[in-house]
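Heads up: the structure comes next, in structure tokens.
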Amino acid sequence: MKIVYPKEEACMACRLCEVACITEHSKSKDTLKAYKKENPTPLSRTLVEEIFPGLSVSVMCRHCSDAPCIEACFTSAMHRKPDGRVIVNEPKCVGCWMCIMACPFGVIKRNQYIGEGQGARGKGQEIKIKLSSKCDLCPDRSIPACVEACPNKALAHEER
Amino acid sequence: MKYLIIGNSAAAVGAVEAIRRNDKGNPITIISDEPHHVYSRPLISYLLAGHTKEDKMYYRDENFYKENNVETVFNKRVTGVDTKKKQVILEDKKKIDYDKLLIATGGTPFVPPIKGKDRKNVYTFTKWSDAEEIIKISKKVQKVVVIGAGMIGLKAIEGLNAIGIDVTVVELAPEVLSRALDKDASRIVQRKMEEAGVEVITNNEVVEITGKGNVATGVVLRDKKKIKCDLVIVAIGVIPNTGFIKESGIKINRGIVVDERMETNIKGVYAAGDVVEALNMLTNEKMPIPIWPLAYRQGSIAGDNMSGGTLVYKGGFPMNSIEFPGAPTISLGIIDPRGEGYESLIKNDAKNGNYKRIIIKNERLVGAILVGDDVDRAGILTGLIKEQKPVTAFKDKLLDRNFGFVHMPREHRREKLEKAI
Ligand SMILES: Cc1cc2nc3c(=O)[nH]c(=O)nc-3n(C[C@H](O)[C@H](O)[C@H](O)COP(=O)(O)OP(=O)(O)OC[C@H]3O[C@@H](n4cnc5c(N)ncnc54)[C@H](O)[C@@H]3O)c2cc1C
Numbered sequence: 044m045k046i047v048y049p050k051e052e053a054c055m056a057c058r059l060c061e062v063a064c065i066t067e068h069s070k071s072k073d074t075l076k077a078y079k080k081e082n083p084t085p086l087s088r089t090l091v092e093e094i095f096p097g098l099s100v101s102v103m104c105r106h107c108s109d110a111p112c113i114e115a116c117f118t119s120a121m122h123r124k125p126d127g128r129v130i131v132n133e134p135k136c137v138g139c140w141m142c143i144m145a146c147p148f149g150v151i152k153r154n155q156y157i158g159e160g161q162g163a164r165g166k167g168q169e170i171k172i173k174l175s176s177k178c179d180l181c182p183d184r185s186i187p188a189c190v191e192a193c194p195n196k197a198l199a200h201e202e203r
Numbered sequence: 089m090k091y092l093i094i095g096n097s098a099a100a101v102g103a104v105e106a107i108r109r110n111d112k113g114n115p116i117t118i119i120s121d122e123p124h125h126v127y128s129r130p131l132i133s134y135l136l137a138g139h140t141k142e143d144k145m146y147y148r149d150e151n152f153y154k155e156n157n158v159e160t161v162f163n164k165r166v167t168g169v170d171t172k173k174k175q176v177i178l179e180d181k182k183k184i185d186y187d188k189l190l191i192a193t194g195g196t197p198f199v200p201p202i203k204g205k206d207r208k209n210v211y212t213f214t215k216w217s218d219a220e221e222i223i224k225i226s227k228k229v230q231k232v233v234v235i236g237a238g239m240i241g242l243k244a245i246e247g248l249n250a251i252g253i254d255v256t257v258v259e260l261a262p263e264v265l266s267r268a269l270d271k272d273a274s275r276i277v278q279r280k281m282e283e284a285g286v287e288v289i290t291n292n293e294v295v296e297i298t299g300k301g302n303v304a305t306g307v308v309l310r311d312k313k314k315i316k317c318d319l320v321i322v323a324i325g326v327i328p329n330t331g332f333i334k335e336s337g338i339k340i341n342r343g344i345v346v347d348e349r350m351e352t353n354i355k356g357v358y359a360a361g362d363v364v365e366a367l368n369m370l371t372n373e374k375m376p377i378p379i380w381p382l383a384y385r386q387g388s389i390a391g392d393n394m395s396g397g398t399l400v401y402k403g404g405f406p407m408n409s410i411e412f413p414g415a416p417t418i419s420l421g422i423i424d425p426r427g428e429g430y431e432s433l434i435k436n437d438a439k440n441g442n443y444k445r446i447i448i449k450n451e452r453l454v455g456a457i458l459v460g461d462d463v464d465r466a467g468i469l470t471g472l473i474k475e476q477k478p479v480t481a482f483k484d485k486l487l488d489r490n491f492g493f494v495h496m497p498r499e500h501r502r503e504k505l506e507k508a509i
């Protein structure tokens with residue numbers, strides 16, 4: 044299947060992939076609003092690793108064919124779509140971080156915020172929501188946002 | 089060909105899904121002594137806390153059995169296996185035939201012979217019904233004594249704490265989570281527990297559960313201290329649930345003994361999950377490692393071999409992710425190195441609730457303990473432990489919060505990031 048592959052020679056650590064990812068996974072799809080106004084603050088599902096100067100690479104989910112995160116997930120929130128993508132079913136996720144422990148790429152993020160939930164004290168209570176977030180390959184787009192945003196073709200959306 | 093599975097949890101689902109990859113047609117029967125559609129045991133503490141709801145307890149959706157052509161026999165306990173006649177015997181004496189059998193009966197809570205342990209409001213905490221009963225009476229409960237501060241004890245405490253019930257935990261070891269963490273890491277977790285109002289008593293044990301008639305009203309500790317309570321939860325640990333096969337000829341050591349195809353000493357009888365002792369790839373010993381991911385994997389390997397496949401189990405190692413609110417912890421592999429040749433790298437920032445310890449042997453990563461924000465990329469370490477390749481080239485970077493692929497040799501990084509996995 045087509046996933047996003049990084050090319051470190053072409054990466055200059057500008058982090059526009061992270062900005063694009065945050066915007067794409069925001070409610071407003073507006074970069075500034077996503078950064079400044081939204082609760083929860085959307086998280087980037089790709090991470091630019093860097094040793095300054097000279098070495099950087101953007102790392103995100105590999106959608107592994109034998110995915111350790113799926114096996115580790117006891118809620119079945121982490122699951123595979125028929126098209127091959129590994130996706131978090133967010134309402135099912137309880138934020139136990141088993142997937143974070145299992146993912147050999149370290150690309151699943153702890154997403155934690157105060158929001159309205161159904162805590163023990165009843166509906167509509169402000170509680171701490173915990174869930175895992177990761178690359179979903181931008182289901183609403185033909186080319187993932189990070190790939191499109193990269194000014195230097197350091198990310199490729201292809202099948203290998 | 090008739091497949092029969094005793095148990096209806098992680099290992100059973102792994103087996104069903106593997107069998108159906110190889111064999112779409114032959115019937116599968118699942119027997120369970122619980123009444124539920126397959127659900128997730130680790131979720132019971134979230135249910136107790138109110139952090140998940142009944143409809144989210146299920147591990148597979150409601151069509152699972154139908155889609156996989158599985159017949160279910162629920163609410164029936166298996167009391168014996170006749171491996172000569174290839175029959176499983178139920179509590180009502182009914183017999184069910186099989187050609188291939190999988191024993192996936194998991195663990196059963198260990199309750200030591202404490203005086204008063206049979207009183208009515210003394211619970212264990214491993215099943216949906218345990219959580220349900222505790223929830224039902226929780227409005228009338230003000231104070232609970234939890235015996236054992238291991239993984240399951242902590243989960244119970246977290247659930248009780250979330251709904252405002254006062255908890256005292258009594259632990260025999262000097263620290264909480266002593267099987268998953270080291271002293272310094274445990275201290276951080278214990279502090280968070282105490283900040284949340286939990287009373288933690290270590291280096292002590294409950295010698296008697298006292299009460300009026302059938303009802304427990306308190307406990308007595310080894311040092312004679314008395315604690316009043318409305319409920320006791322015994323959470324000392326789980327042991328492989330093998331009682332019903334004692335006479336079957338199936339070999340049991342610490343758990344059911346299996347080969348790398350998850351087959352027991354009796355041909356056609358397989359076992360997987362918390363009930364077995366399987367290979368710990370780091371110590372080369374066979375031992376029960378009662379965690380969800382390994383139960384699923386072993387079930388899957390058993391199912392594959394039952395239906396003509398040839399997958400083998402390459403071993404696993406203990407790992408767990410446990411969060412007491414404010415203190416997420418991840419523990420991987422060997423965390424209490426004994427003997428020669430181990431090296432530990434440690435970064436202790438207890439003040440801010442962060443701790444990271446890396447354990448190396450023969451240039452290979454064999455264990456790690458992470459508390460606080462250091463859990464974030466823990467999986468990279470899990471991957472390195474699984475691979476058992478030398479880490480010497482980037483050893484000095486392993487403790488960094490942002491340790492990652494850029495610190496690894498270029499070839500290794502490209503192999504990982506630029507190829508399909
Ligand atoms: C509170 C709690 C929290 C946990 N948290 C985590 C966690 O965070 N991460 C993690 O990795 N693991 C966790 N675990 C462990 C995890 O739940 C187990 O490793 C996993 O459930 C093992 O699956 P299994 O299929 O081997 O057996 P089990 O889940 O134990 O299931 C056994 C099945 O066999 C059936 N059965 C047993 N005996 C009989 C009989 N005689 N007749 C008929 N049916 C029988 C039972 O009804 C059940 O369906 C937790 C466990 C508990 C209790």
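Chains L and P, in that order, give the protein sequences. Residue numbers are given in my numbering: position 47 of the first sequence equals residue 90, and the series is strictly consecutive. Residue numbers are given in my numbering: position 267 of the second sequence equals residue 355, and the series is strictly consecutive. Idealized CB from N, CA, C, for every residue including glycine. Bear in mind the structure is a predicted one, so any value in this text is a computation, not a measurement.
* Asked: Is it the case that the Cβ atoms of P/G247 and P/L131 are separated by a distance below 8 Å?
  -> The answer is no: Cβ separation not under 8 Å.
* Residues, ordered as in the chain, of the stretch 103 to 128 of chain L that lie near chain P by beta-carbon distance below 7 Å -> Look at the stretch 103 to 128 of chain L: the residues with a C-beta under 7 Å from a C-beta of chain P are R105, C107, S108, E114, A115, F117, T118, S119.
* To do: Please go through the stretch 135 to 172 of chain P and give each complete alpha helix (DSSP H) segment of 4 or more residues, from N-terminal end onward.
  => The qualifying runs are 152 to 155.
* To do: Identify which residue in P/K90, P/A268, P/T140, P/K173 has its Cα closest to the Cα of P/G455.
  => Closest by alpha carbon: P/A268.
* So P/E293 and P/L309 are in contact, right, with Cβ under 8 Å, and what is the actual spacing, rounded? -> P/E293 to P/L309, Cβ: 7 Å. Contact.
* Asked: For P/A390, is the classification buried or exposed, using 16 other Cβ atoms within 10 angstroms of its Cβ as the cut-off for buried?
  -> Under this definition P/A390 is a buried residue.
* Quick one: what's got a C-beta closer than 6 Å to L/L180's C-beta in the same chain, skipping five residues either side? -> So the qualifying residues of the chain are R128, P187.
* **For P/D437, three-class secondary structure by DSSP** => DSSP places P/D437 in strand when its eight states are reduced to three.
* Let me know the beta strand (DSSP E) ranges lying completely inside the stretch 284 to 360 of chain P, each 3 residues or longer, listed in chain order. => Along the stretch 284 to 360 of chain P, the beta strand (DSSP E) occurs as fully enclosed runs of 3 or more residues at 287 to 289, 294 to 300, 303 to 309, 314 to 316, 319 to 322, 326 to 328, 357 to 359, listed in sequence order.
* Sorted by chain position, which residues of the same chain lie with C-beta nearer than 8 Å to L/C73's C-beta, five sequence neighbours on each side aside? -> Sequence check: residue 73 of chain L is Asp here, not Cys. Once the five neighbours on either side are set aside, the close Cβ partners of L/D73 are T66.
* **Status (buried if at least 16 other CB within 10 Å, exposed otherwise) for P/S217** => Exposed is the call here.
* To do: Would you be able to state if there are at least three C-beta pairs under 8 Å between the stretch 467 to 481 of chain P and the stretch 406 to 421 of chain P?
  => Using a Cβ-Cβ distance cut-off of 8 Å, the stretch 406 to 421 of chain P and the stretch 467 to 481 of chain P are in contact, since at least three pairs of beta carbons, one from each stretch, lie closer than that value.
* Asked: Looking at C-alpha atoms only, which residue of P/N114, P/R148, P/G138 is the closest neighbour of P/H125?
  -> With respect to the C-alpha of P/H125, the residue from P/N114, P/R148, P/G138 having the closest C-alpha is P/R148.
* Compare the C-beta of P/A508 with all C-beta atoms of chain L and state if any pair is closer than 8 Å. => For P/A508, a Cβ of chain L is located within less than 8 Å of the residue's own Cβ.
* Continuous beta strand (DSSP E) stretch holding P/I202: start and end -> Run containing P/I202: none; DSSP gives neither H nor E here.
* **Cα-Cα separation, P/K439 to P/S409** => The straight-line gap from Cα to Cα measures roughly 21 Å.
* Does any C-beta atom of chain A lie closer than 8 Å to the C-beta of L/C178? -> Chain labels in this structure do not include chain A; the protein chains are L and P.
* Asked: Out of curiosity, what's the CA-to-CA distance linking P/T193 and P/L178?
  -> One C-alpha to the other measures close to 14 Å.
* Enumerate, from N- to C-terminal direction, the unbroken alpha helix (DSSP H) stretches of 4 or more residues contained entirely within the stretch 174 to 198 of chain P. => The stretch 174 to 198 of chain P contains no whole alpha helix (DSSP H) run of 4 or more residues.
* In angstroms, rounded to a whole number, what distance separates the CA positions of L/E61 and P/V400? -> If you draw a straight line from the Cα of L/E61 to the Cα of P/V400, it is about 40 Å long.
* **Within chain L, partners of P/V454 - CB distance below 9 Å** => Per Cβ cutoff of 9 Å: no residues; P/V454 is ~16 Å from chain L at best.
* Would a C-beta distance cut-off of 8 Å place P/I94 and P/I191 closer than the cut-off? -> P/I94 is a Cβ neighbour of P/I191, given a cutoff of 8 Å.
* Asked: In the stretch 138 to 152 of chain L, which residues sit with their C-beta less than 9 Å from some C-beta in chain P, listed in chain order?
  -> Within the stretch 138 to 152 of chain L, the residues whose Cβ lies closer than 9 Å to some Cβ of chain P are G138, C139, W140, M141, C142, I143, M144, A145, C146, P147, F148, G149, V150, I151, K152, listed in chain order.
* To do: Using a Cβ-Cβ cut-off of less than 9 Å, give me the residues of the stretch 59 to 82 of chain L that come near chain P, in sequence order.
  => Along the stretch 59 to 82 of chain L, none of the residues has a CB nearer than 9 Å to a CB of chain P.
* Can you round the beta-carbon distance between L/L59 and L/P194 to whole angstroms, since I take them to be within the 8 Å contact cut? -> Indeed, because the Cβ distance is near 6 Å, the residues count as touching under 8 Å.
* Asked: Does at least one heavy atom of ligand 1 sit under 7 Å from the Cβ of P/W380?
  -> Yes - ligand 1 has a heavy atom lying nearer than 7 Å to the Cβ of P/W380.
* Straight-line Cα distance separating P/Y127 from P/M239 -> Computed Cα separation, rounded: 19 Å.
* Asked: Are the CB atoms of L/E202 and L/K45 nearer to each other than 8 Å?
  -> In this structure, L/E202 lies near L/K45, with their beta-carbon atoms less than 8 Å apart.
* Asked: Secondary structure at P/I253, three-state DSSP: helix, strand or coil?
  -> It is coil, neither helix nor strand.
* Show which residues of chain P have a CB atom less than 7 Å away from the CB atom of L/K135. => Contact annotation for L/K135 against chain P: K144 [CB-CB distance below 7 Å, chain order].
* Kindly indicate the opening and closing residues of the alpha helix (DSSP H) around P/R108. => 98 to 110 is the extent of the alpha helix (DSSP H) around P/R108.
* Local Cβ density within 10 Å of P/F198, reported as buried at 16 or more and exposed below that -> When all chains shown are included, P/F198 counts as exposed.
* Measuring alpha carbon to alpha carbon, tell me which of P/D488, P/N372, P/T371, P/E351 ends up nearest P/V364. => Check the Cα spacing between P/V364 and each of P/D488, P/N372, P/T371, P/E351: the tightest is with P/E351.
* Any non-hydrogen atom of ligand 2 closer than 7 Å to P/A304 Cβ -> No copy of ligand 2 occurs in the structure displayed; its ligands are ligand 1 alone.
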